[in-house]
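Enquirer:
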Amino acid sequence: MSAFPKTFIVSSQGSSGVQEKWINMLVDKECTPFDMAIPPEFEGPGGTYSPEDLYALSLMNCYLATFKYIAEKSKLHYDSIDGHATLFVDKGEEKAPWMERVLIKISLGGAIQSERALALMEKTKSHCMILNSVKTKIEFEFQIN
2 MSAFPKTFIV
12 SSQGSSGVQE
22 KWINMLVDKE
32 CTPFDMAIPP
42 EFEGPGGTYS
52 PEDLYALSLM
62 NCYLATFKYI
72 AEKSKLHYDS
82 IDGHATLFVD
92 KGEEKAPWME
102 RVLIKISLGG
112 AIQSERALAL
122 MEKTKSHCMI
132 LNSVKTKIEF
142 EFQIN
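My numbering applies: residue 2 is where the sequence shown begins, and numbers increase by one.
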């Protein structure tokens, strides 16, 4: 792994109005820009990714990436990994919307050493930097097929 600190630079551009989508991009990376919109649940147009979607995706994909790294370094063989995340938004103490909790379901296919795989899945929870940087309650369900 390369030296720290590391930087990740992103950019957004849009116009006024909650019904207007805006565009996001990664700076200095050759990735396709993508649209973003306020979701219908918050009176936006929807139809594309919302900040809430990316928040849930970020948490789940941090877990997947960290598990893949730990499993490879531990020489754990598996055929597939699938993730599904559900973000629960409620009103907090100050009556403002709050990312209350996220349920992350991970299914691991083709792991011959299921007990070892489960131990590495548990270990991954404490090594995921994004999961460990948020206040949202994180819940997991693991399945090994």
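All C-beta atoms, glycine included, are put in the ideal place defined by N, C-alpha and C.
The structure displayed is predicted, hence computed values, not measured ones.
#1: For Y50, does the three-state DSSP call read helix, strand or coil?
#2: Buried or exposed: M61, going by 16 or more other Cβ atoms within 10 Å of its Cβ?
#3: Closest to D83 by CA distance: which of I71, I107, E73 is it?
#4: By DSSP, does S108 sit in helix, in strand, or in coil?
#5: So, are the CB atoms of I105 and H85 less than 9 angstroms apart?
#6: Excluding sequence positions up to five away, which residues of its chain have a Cβ less than 7 angstroms from the Cβ of A118?
#7: Which residues in the same chain as M37 place their Cβ atom closer than 6 angstroms to its Cβ, once the five residues preceding and following it in sequence are excluded?
#8: Apart from the five residues on each side of it in sequence, which residues of its chain come closer than 6 angstroms, Cβ to Cβ, to K138?
#9: According to DSSP, what are the bridge partners of F35?
#10: Based on DSSP bridge pairs, tell me the residues matched to S13.
#11: Nearest CA to the CA of E21: which residue from M122, E44, S75, Y56?
#12: Going by DSSP in three states, F89 sits in which element: helix, strand or coil?
Expert: This is what the structure holds:
#1: strand
#2: buried
#3: I107
#4: strand
#5: yes
#6: L77, Y79, L109, A112, I145
#7: W23, N25, Y50
#8: R102
#9: N25
#10: N25
#11: E44
#12: strand
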